[in-house]
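A quick write-up on the structure given underneath.
Protein chains in written order, with the UniProt record's numbering: chain A, 1 to 197; chain B, 1 to 197.
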């Protein structure tokens, strides 16, 4: 018969992705029995991040500054723009260290069924940047899903209208992948995109 | 290249049991991108629970009241006392609805190696209650582990000294369990505790 406050804590923890009723209860008891200091820190970190983290004015990535670290860095190539769906995609590409340009984060993909149109993805901001003339190449790195492809197609048209070169990340068999386990969609992309060696 | 505030949020989330670096990052981005309201609620619930939830003066269970709902309920048998290790154990027994008495929550078990002695488990409070005379039976429901057994043995002695009857939860094959998959320890307990039918 847990107390109302413990109940609300368990309920509140369930908003986190991947946390069901059992793990929420385990987390609540863990914090209250063994790590109240850590719980306090978590509450503070949540409030601080929610209050202060907004979107970068240039690329829409999450940041507490007006313009994010990547957009304001003099060491990044400001004329190469990589368009991704989510902030996590930026993290993944940054970890690979392969890309030296800047990003534009859509925070989703076009999805008319959910009422998500170009405005919601900040495509007006992107258009203005493309027309401005600083960007010379747009690299489309949206997910290879139906919605991701549709979004990429839309941006491709936009960039062409503004006279900016567009490319799309190569699709094919992933490194270490075995043919036996590759789905037919990926396989047909790999055949279509084959290169003479 | 996430911002410092996002980094601290990811770090803070990792205190939760079962949350590794990847899920912490997923949770942080989920809250910031899609559910700031839920995040605010979580921060508030954490602070409220940490600030106000303490231990019941009678049974040591977690509660925001001076004495918990079970201890202060007139419908519970105040002379039957079930001793458990953790608040979660209380929840499990309450869900079964089998027990109508009151609890004593040790908040752990005797573990000299970790410096956890009788004082840390509130056994002085328990002793005082046993000597008082209101309790007529102590039901030991500590876990069937080495430490749980040692703790049960200690309390058993204490109750006997105070002239209070003591019992221990039956050990044996769980319902729906198949002999094939039962460990030998449980099996030997089941043989030792066999009943004539």
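The beta carbon of each residue, even a glycine, is placed where N, CA and C say it ideally should be.
Between which two residues does the beta strand (DSSP E) containing residue i stretch?
| i | result |
| --- | --- |
| residue 80 of chain A | 77–84 |
| residue 99 of chain B | Where residue 99 of chain B is concerned, there is no enclosing beta strand (DSSP E), given that its DSSP letter is neither H nor E. |
| residue 165 of chain B | 165–168 |
| residue 140 of chain B | 137–140 |
For a quick check, are the C-beta atoms of residue i and residue j less than 8 Å apart?
| i | j | result |
| --- | --- | --- |
| residue 108 of chain B | residue 124 of chain B | no |
| residue 142 of chain A | residue 164 of chain A | no |
| residue 13 of chain A | residue 28 of chain A | yes |
| residue 71 of chain B | residue 56 of chain B | yes |
| residue 80 of chain B | residue 53 of chain B | no |
| residue 190 of chain B | residue 173 of chain B | yes |
| residue 43 of chain A | residue 47 of chain B | yes |
| residue 20 of chain A | residue 31 of chain A | no |
Tell me, please, which residues DSSP counts as bridged to residue i.
| i | result |
| --- | --- |
| residue 152 of chain A | Bridge partners of residue 152 of chain A: none, in fact. |
| residue 50 of chain A | Answer is none; residue 50 of chain A lacks a bridge partner. |
| residue 66 of chain B | According to DSSP, residue 66 of chain B bridges with nothing at all. |
| residue 116 of chain B | B/111 |
| residue 55 of chain B | B/62 |
| residue 181 of chain A | Answer is none; residue 181 of chain A lacks a bridge partner. |
| residue 105 of chain A | A/84 |
Compare the C-alpha of residue i against each of the options and name the closest.
| i | options | result |
| --- | --- | --- |
| residue 61 of chain A | A/105, A/3, A/47 and A/30 | A/105 |
| residue 45 of chain B | A/80, A/7, A/162 and A/183 | A/7 |
| residue 118 of chain B | B/85, B/77, B/138 and B/25 | B/85 |
| residue 98 of chain B | B/69, B/139, B/30 and B/122 | B/139 |
| residue 156 of chain A | A/145, A/181 and A/127 | A/127 |
| residue 92 of chain A | B/147, B/93 and B/26 | B/26 |
| residue 169 of chain A | A/176, A/144 and A/95 | A/144 |
| residue 147 of chain B | B/187, B/112, B/175 and B/160 | B/112 |
| residue 51 of chain B | A/33, A/171 and A/152 | A/33 |
| residue 134 of chain A | A/153, A/159 and A/116 | A/159 |
| residue 166 of chain A | A/176, A/175, A/154 and A/177 | A/154 |
| residue 41 of chain B | A/37, A/10, A/132 and A/35 | A/10 |
| residue 22 of chain B | A/69, A/75, A/88 and A/37 | A/88 |
| residue 171 of chain A | A/187, A/196 and A/96 | A/187 |
| residue 94 of chain A | A/195, A/180, A/116 and A/69 | A/69 |
Locate the alpha helix (DSSP H) running through residue i, then write down its first and last residues.
| i | result |
| --- | --- |
| residue 225 of chain B | Since the first residue shown for chain B is 1 and the last is 197, residue 225 of chain B is missing from the structure and cannot be characterised. |
| residue 13 of chain B | 4–13 |
| residue 33 of chain B | 21–34 |
| residue 190 of chain B | 184–192 |
Report the CB separation of residue i from residue j in whole angstroms; it is logged as a contact under 8 Å.
| i | j | result |
| --- | --- | --- |
| residue 162 of chain A | residue 130 of chain A | 4 Å |
| residue 110 of chain A | residue 49 of chain B | Actually they do not touch by this definition, with Cβ atoms about 41 Å apart. |
| residue 100 of chain B | residue 77 of chain B | 5 Å |
| residue 184 of chain A | residue 64 of chain B | That pair is no contact at about 58 Å. |
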